[in-house]
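The block underneath contains the structure these notes are about, expressed in structure tokens.
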Amino acid sequence: MGQPSVSHEETRGKFALFSGEDGTISSGSIVGYARQLSHPAYERLLKSETPLRRLVPVLIVLFLVLLGVARWMALSEQYSVALSNADSELHFISELVHEKLHTATKDHSDKISLNELQNLLSDIVPSRYLGDNRLVTVTDRYGVIVATAPHTPDLHSKALETVIGDAALLITLGKVAQSQPIRSINGSDAIGVHRVLDLPLGGVTIVQPIEKLVAKWRKSLSINVTLFVGTSSILLIILYAYFAQSARAREADVLNNVIQNRFDTAMMRGRGGLWDWDLARGNIYWSSSMYILLGLDPRDDVMGFSEVSQLIHPGDLDLYYLANQVLENNQTSIDQEFRMRHTDGYWIWMRARAEMIINDNGDPHLIGLAVDTTEQHDLKSEGRRKDMRLHDAIESLSEAFVLWDSSKNLVTCNTKYQQLHGLNPETTISGMSYDEVMSAARSPNIANQMVQGFNSKEGSRTIEAQLEDGRWLQINERRTKDGGFVSVGTDITGIKLHEAKLMESERRLMATVSDLQKSRQKLEIQAGQLVELAEKYAKEKNRAEAANQTKSEFLANISHELRTPLNAIIGFSEIMNEEMFGPLGSDKYSEYCRDIHSSGSFLLKMINDVLDMSKIEAGRITLDYEEFNLNTVIEETLPIISQLSADKNIEIIHKISSKLDLIADKRAFKQILLNLLSNAVKFSDPGGRITVRARRVANSVVLSIEDKGVGISKEDLKKLGRPFEQVQNQFTKSHTGSGLGLAISRSLAELHGGAMKIRSVLGKGTIVSLRMPINPAIRNGNEFPPEESDA
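This note's numbering numbers the first residue of the sequence shown as 522 and each following residue consecutively.
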């Protein structure tokens, strides 16, 4: 459902990318972006840009060429017209002079003087015909100049050839009355016309310098060239500006594409899209990321109002109602949360936040973002489920529980806490202050209270309180990481009663210890009596200790010096115990005989162990290898310790394959097996179980003996297997021994090329693993398989 709208200023700050400060659509707004993508004209223009960019310089060059050719043709025509006009004037003047002089000479029958001829020529040729340095000369029959117009005395009496370089050619061609290009004496180009006169005159020659004739044409040429160069320069500048602007436009397009791709990528990564809703026309523009988010194919055109409405969950949002509400209430922004249907059929939670924008035409637009919030909704639902499970877990506690935040406001508590303080659910609402809750609470009646522990660093303490009804409560308080604290009240009445029983048991135990001390005194008296009976044994022992200068001498002699008297003591004690020669009298003597027999047997076993160990260390043991079946040997060994295991009701289970054979010293292997089984039985609790397993690993047999006894600590494991080393615990105090059993077993295994490993957990049991090579000729060293190497 919809969420409360945010403020106009906040929304404007968040959507400043799309609108200007005055609320109008900016050039970079989503409306312009939408129109750019909605109309393909810009795309077609981009496609035609490359051929236009190539065609424009060609057109400009072609225009300049055509303009230059046209102006050159016009100037050439102007030049020809100037020459033609000059030629016509020259012919006109020559005809005029010829006609006038012909008439004058005809009227004067006598000879005309030079002055008269000069005056006549000046009258015939007006000054208006003598512009542009035009020169008119009249020569006699000998080619000597006799008159000029304008009057130039310096030229009189000079031959025409001295004034006009090409005079001879002109006179010759002048007979046909045509103008000719000539070169004057000073080297300048000119055109001339020669006309033959009646005798005694030779002819009239008119010379027009071309430089003065085409001066106007040259000025026009200069102006045209200047205009052409200026026009060309302007067009080239325009061409350069066009290419510069085109390059800038291409860079802008590339930058725009990069920004748009980054924007689309950001929208896709953020699982959101852009909206532009034209409220006046009912059209809605979506960015491509919005289509992809809903599983639709992206398109550039806008969507219809009804088309979008069909995708929105009808129970969440009505676009018609929203549009009317925005327009009627003049809302500046919206913040709505609703579901939209994916093409695969499931619903996606969306949150749309938009701002009202008025474009230049006065049309209202809602422009903003729509973000996928499905994950947040799932997290909220999961959070509510977790809170419910946590509340159920707290309610299921048998202890009173309460949690306060850092401001001492109630977070949660269970029913046990309410019952302890006489509270009801209305007075334990989450958020209530500590003072409010305590003011409504009923303080429990406490008869006795004591602080058991306080940790100022962790902010925790433990209080034990006895209520008036006799119950005991243990209240544990601890600071939480956010500054709050949690309290748990546990009913420890049973523990207190158990402690009282333990104290009573301790008193009884002390009484028992006192009784034991008295019994010990009696045993000391019995020991004194036994010293007298074992005097011979003591003498042999003292002599053996005196002879213990070296280990080898002591161990060599002890077998003869101790076994003989021990056998006698054991034998005599058996005879006395069985009363073969009659009753002994007092029952105490029978008890002493049994003690003597037991002590002698134990001592004999210790001596045998010491002798075996000495032989092993001295290297005097010879192994007699033979092939035997492992299962058979184990079945032969089990009856030896069956009585010991039966006394403690211990079950021995062996899971051995009947096909496991190995080559070893059978007697030594039995001794190893007997030592390990004896230890397992000795340190197992009554009613326990011992498991014997064996399996083949490569060229070896791994035998494991597992018990569920007292176990061995890690520190004691390091000492086991050394001669005369024993673990000190309650069992070893009551089960004494030489401490050589494991050492002998390990040494015998190593003599066979095998190894022994021990794994144990204190209080849970022990596993002793023995690895023996199947064939002593093929040895694998002392490596155990991975599951055995940790023993």
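Glycine included, every Cβ here is placed at the ideal spot set by N, Cα and C.
Item	Value
Classify residue 716 as helix, strand or coil using the three-state DSSP reduction.	strand
In the structure shown, what three-state DSSP assignment does residue 1277 receive?	strand
Given residue 962, which residues of its chain have a CB within under 6 Å of its CB, disregarding the five upstream and five downstream residues?	942, 944
Quick check: the Cα distance between residue 581 and residue 768, rounded to an integer number of angstroms?	19 Å
With which residues is residue 1031 paired in a DSSP beta bridge?	Residue 1031 is not bridged to any residue.
Could you say if the segment 1219-1238 and the segment 1282-1302 meet the contact criterion of at least three C-beta pairs nearer than 8 Å?	yes
Determine the direct distance from the alpha carbon of residue 575 to that of residue 590, and round the result to whole angstroms.	24 Å
Are residue 951 and residue 932 closer than 9 Å when you measure CB to CB?	yes
Roughly how many angstroms lie between the CA atoms of residue 552 and residue 1006, to the nearest whole one?	Since pLDDT at residue 552 reaches only 41, below the 50 mark, its modelled position is unreliable, and no value is offered.
Hey, residue 1241 and residue 1263: beta-carbon distance below 9 Å or not?	yes
Fully enclosed by the segment 865-935, which beta strand (DSSP E) runs are 3 residues long or longer?	868-879, 885-893, 921-925, 931-934
DSSP on residue 1101, reduced to helix/strand/coil?	coil
Does DSSP put residue 823 in a helix, a strand or coil?	coil
Under a three-way DSSP split, which group does residue 1126 fall into?	helix
How should residue 1323 be labelled, buried or exposed, when 16 other C-beta atoms within 10 angstroms of its C-beta is the threshold for buried?	There is simply no residue 1323 to check, as the chain begins at 522 and stops at 1312 in what is shown.
Are there 16 or more other CB atoms within 10 angstroms of the CB of residue 615, so buried, or fewer, so exposed?	buried
Could you tell me whether the segment 1192-1203 touches the segment 1226-1238, using the rule of 3 or more Cβ pairs below 8 Å?	yes
Does the Cβ of residue 1190 have 16 or more other Cβ atoms within 10 Å, making it buried, or fewer, making it exposed?	buried
May I have the straight-line CA-CA distance separating residue 1171 from residue 1161, to the nearest angstrom?	14 Å
In this structure, how does DSSP classify residue 1008 when only helix, strand and coil are distinguished?	strand
Looking at residue 1295: is its Cβ nearer than 9 Å to the Cβ of residue 1145?	no
Given residue 742, which residues of its chain have a CB within under 8 Å of its CB, disregarding the five upstream and five downstream residues?	596
Whole angstroms is fine: what's the gap from residue 592's alpha carbon to residue 608's?	24 Å
How should residue 613 be labelled, buried or exposed, when 16 other C-beta atoms within 10 angstroms of its C-beta is the threshold for buried?	exposed
Quick check for students: name the residue ranges of the beta strand (DSSP E) that lie wholly in the segment 624-675, counting only runs of 3 or more.	656-661, 666-670
Per DSSP, what kind of secondary structure is residue 801 in: helix, strand or coil?	coil
Could you check how far apart the C-beta atoms of residue 1108 and residue 1265 are, in whole angstroms? I think they sit under 8 Å.	Contact flag wrong, Cβ pair sits at about 39 Å.
Which whole-angstrom value describes the C-beta separation of residue 1213 and residue 1174, a residue pair presumed to lie in contact below a C-beta threshold of 8 Å?	7 Å
So residue 818 is in the alpha helix (DSSP H); what residue range does that whole segment cover?	Unbroken run through residue 818: none, as it is neither H nor E.
Could you tell me the distance, in whole angstroms, from the CA atom of residue 550 to the CA atom of residue 578?	Residue placement at residue 550 is flagged as unreliable, the pLDDT there being 40, under the threshold of 50; a coordinate-derived value is accordingly withheld.
On a Cα-Cα basis, can you pick out the residue from 862, 861, 863, 845 that is closest to residue 855?	845
May I ask you to report which of helix, strand or coil DSSP gives residue 725?	strand
Please determine if the segment 747-767 and the segment 633-642 are in contact, where contact requires at least 3 C-beta pairs separated by less than 8 Å.	no
Which ranges does the beta strand (DSSP E) cover as unbroken runs of at least 3 residues, wholly within the segment 1127-1173, from first to last along the chain?	1146-1150
By Cβ distance below 7 Å, which residues in the same chain neighbour residue 680 in space, the five residues on each side in sequence not counted?	664, 665
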